[in-house]
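Going by the working numbering, the sequence shown opens with residue 1, and the numbers climb by one from there.
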Amino acid sequence: MTLRLSDTTGFRAGLALATVLAIAALALFVGLGEDPTGIRRLVAAGILLVAGGGALVVGWRRGRKQANAAAGLIAAVEAMPHGPAPSLNGRWHTELTPVARAVDRTRRTLASRLAGLEQASAEQNAILQSMGTALLAIDHDHRLLSMNRAAADLLGLDARAVRGRLVEEVAREAELNAFVKDAVEASEPLTAEFRINTGGQRATIQAASEPLCDEQGRPAGLLVTLTDITKLRQLESLRSDFAANVSHELRTPITNIKGYVDTLVQVGVEDREQTARFLDIIRRNAQRLAAIIEDLLALSRLEQAGLRESPETKDTPVRSLVREVVGQLQSAADAKQIVVEIEVPEDLMIRVVPSLVEQAIANLVSNAITYSPAGTKVRVTGAIADGGFVEIAVRDRGPGIAPQHLARIFERFYRVDRARSRDHGGTGLGLAIVKHIALALGGRVEVESKVGVGSDFRLLLPVGTGVASSASPSTP
């Protein structure tokens, strides 16, 4: 049988033993007068020494355990602010045990709350970093406290490297720095719109500020949001230009029709030759007006929804579409002695709505014939392109397009030469329709041009099923 004593029980047993020994020593001292030899005196002294030594040993061990327990408690409490501390339960059995248990409960509570705060902080940081709006926290001395990823990307900065530095030192944007200065001094929400350099380009920025306060409600800085509204402003400009262009394009034929009708009303119809000429002008302007309206309606339909998987979508041979278009425009080409060459493989297929692609190819070939000099060639080619596309290219030897016009050539009513375009009878919507047909079918349109050499328009559309990776072109 093994007897195991706790620290407290052992301490009490030690004290009891020391007490018994002390009593025995006292009993011996009582009879010292009857001890002429002094033996009892020596025995009593020995007993007292043993009792005293035992008491000292028990007290020293007890004190050491209490000191170790106190040191453990202190270490555990000091570790709490720096992260989870080990459990204190079961490490000792002393008078400090209730204190240890209380500290352990506090430790668990603090650990739970700290974990909750860390998770909330991580969630908040994830939200801020994923926001598309740029956010900057700035103190009252104009120093950057923090910024999210969008702000770092917009300003081209390293968020960690610039923390604590002055805004004007790292941003180097006069209008932004002026806005921050005004916002700090105002101590109230401000908004402004200005332009900055970002990614090598000028961007229009909408800035807003909100004051930050400390726990006592005193101003401590501000939160600045920067929103890139460049595309929004471009869309507004396009909308304004579109409205102006539509008004102009519609007003011209309407004005002509009204003018010649008024003339006929005034002079009568006795002069048959003049009347016929006026009516022909009215007819042509009415046709132009109808063409503009029809093209606008076509654009509206194309913008409403994608047609990549519409019921009309099917695998279609490119060569048959091109030959159909060239056949329709052959008389226009013959009138200018222009040869239209077709280099499209027989087995080249695209998965599209055939009628729309036919319209897109017709617009490109018609433009090529219209703007090419007499006696030149127009080439229409087809081939497999990268990324699962088929490239249908229309190349001419016309006057070419200057670089400053290429970025806007597919906009509605945009004309490189307004007078020449109107003389050729175009609506100004042909290339815009080509672009939107390509987008609606899951493709795109590209252009390369050089003034005095010619233009190369490339229509890229989804490849049909079962098409070989390469195909050899054939002649008509």
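Glycine is no exception: its CB is placed at the ideal position from the N, C-alpha and C atoms.
Assumed close pair residue i, residue j - CB separation to whole angstroms, cut-off 8 angstroms
i           : j           : result
residue 350 : residue 463 : 6 angstroms
residue 451 : residue 400 : 4 angstroms
residue 183 : residue 222 : 5 angstroms
residue 373 : residue 397 : 7 angstroms
residue 134 : residue 151 : 4 angstroms
residue 176 : residue 143 : At roughly 15 angstroms, the Cβ-Cβ gap does not stay under 8 angstroms, so residue 176 and residue 143 are not in contact.
residue 238 : residue 209 : That belief does not hold up - the Cβ atoms of residue 238 and residue 209 are roughly 30 angstroms apart, past 8 angstroms.
Residue span of the alpha helix (DSSP H) that contains residue i, given as start and end
i           : result
residue 196 : Per DSSP, residue 196 belongs to no alpha helix (DSSP H); it is in the beta strand (DSSP E), 190-198.
residue 409 : Per DSSP, residue 409 belongs to no alpha helix (DSSP H) and is neither H nor E.
residue 145 : Premise fails: residue 145 lies in the beta strand (DSSP E), 144-147, not in any alpha helix (DSSP H).
residue 251 : 230-267
residue 361 : 354-371
residue 182 : 174-186
residue 435 : 430-440
Spatial neighbours of residue i in its chain, beta-carbon cut-off 7 angstroms, leaving aside the 5 residues before and after
i           : result
residue 315 : 349, 351, 464 and 465
residue 129 : 148 and 149
residue 469 : With a pLDDT of only 46 at residue 469, under 50, the local geometry of the prediction cannot be trusted, and the value read off the model is given with reservation. Taken in chain order, the residues that qualify are 384.
residue 187 : 211 and 219
residue 298 : 433
residue 263 : 278
residue 303 : 436
residue 171 : 155 and 177
Residues near residue i by beta carbon distance below 8 angstroms, same chain, minus five either side
i           : result
residue 9   : Unreliable placement is indicated for residue 9, whose pLDDT of 48 sits below 50; no coordinate value is reported for it.
residue 416 : 401, 402, 405 and 409
residue 275 : 264 and 269
residue 337 : 374 and 375
residue 203 : 154, 195, 196, 197, 228 and 230
residue 329 : 340, 362, 365, 366 and 369
Cutoff 6 angstroms; reference residue i; Cβ partners in own chain excluding five residues on either side
i           : result
residue 444 : 438 and 460
residue 179 : 192 and 207
residue 427 : 291, 292 and 295
residue 457 : 364, 394 and 447
residue 356 : 437
residue 414 : 408
residue 253 : 285, 288 and 289
residue 449 : 400, 401 and 455
residue 242 : 412
residue 106 : none
residue 215 : none
residue 382 : 318, 344, 348 and 392
Option in the options with minimal Cα separation from residue i
i           : options               : result
residue 164 : 158, 145 and 150      : 145
residue 346 : 322, 354, 337 and 327 : 322
residue 364 : 376, 319 and 455      : 455
residue 361 : 374, 376 and 380      : 380
residue 300 : 111, 170, 429 and 102 : 429
residue 213 : 139, 232 and 302      : 139
residue 257 : 238, 277 and 109      : 277
residue 260 : 279, 332 and 273      : 279
residue 370 : 392, 382, 333 and 390 : 333
residue 389 : 113, 271 and 318      : 318
residue 392 : 325, 331, 216 and 453 : 325
residue 335 : 366, 359, 358 and 320 : 366
residue 137 : 116, 358, 267 and 162 : 162
residue 377 : 453, 122, 359 and 320 : 453
Residue span of the beta strand (DSSP E) that contains residue i, given as start and end
i           : result
residue 380 : 377-385
residue 459 : 454-462
residue 162 : First-last for residue 162: undefined, no H or E at that position.
residue 328 : First-last for residue 328: 318-328, but that is the alpha helix (DSSP H), not the beta strand (DSSP E).
residue 446 : 444-450
residue 212 : 201-213
residue 394 : 389-395
residue 135 : 134-139
residue 270 : Run containing residue 270: none; DSSP gives neither H nor E here.
residue 342 : 339-343
Heavy atom of the ligand ZN within 8 angstroms of residue i beta-carbon
i           : result
residue 287 : You won't find the ligand ZN in this model; it holds no ligand whatsoever.
Taking 8 angstroms as the cut-off, does the segment 337-347 touch the segment 427-442 (at least 3 CB pairs, one atom from each stretch)?
no
Under 8 angstroms: do the segment 241-258 and the segment 274-294 share three or more Cβ pairs, one atom per stretch?
yes
Check whether the segment 190-204 and the segment 226-240 are in contact - that is, three or more C-beta pairs closer than 8 angstroms.
yes
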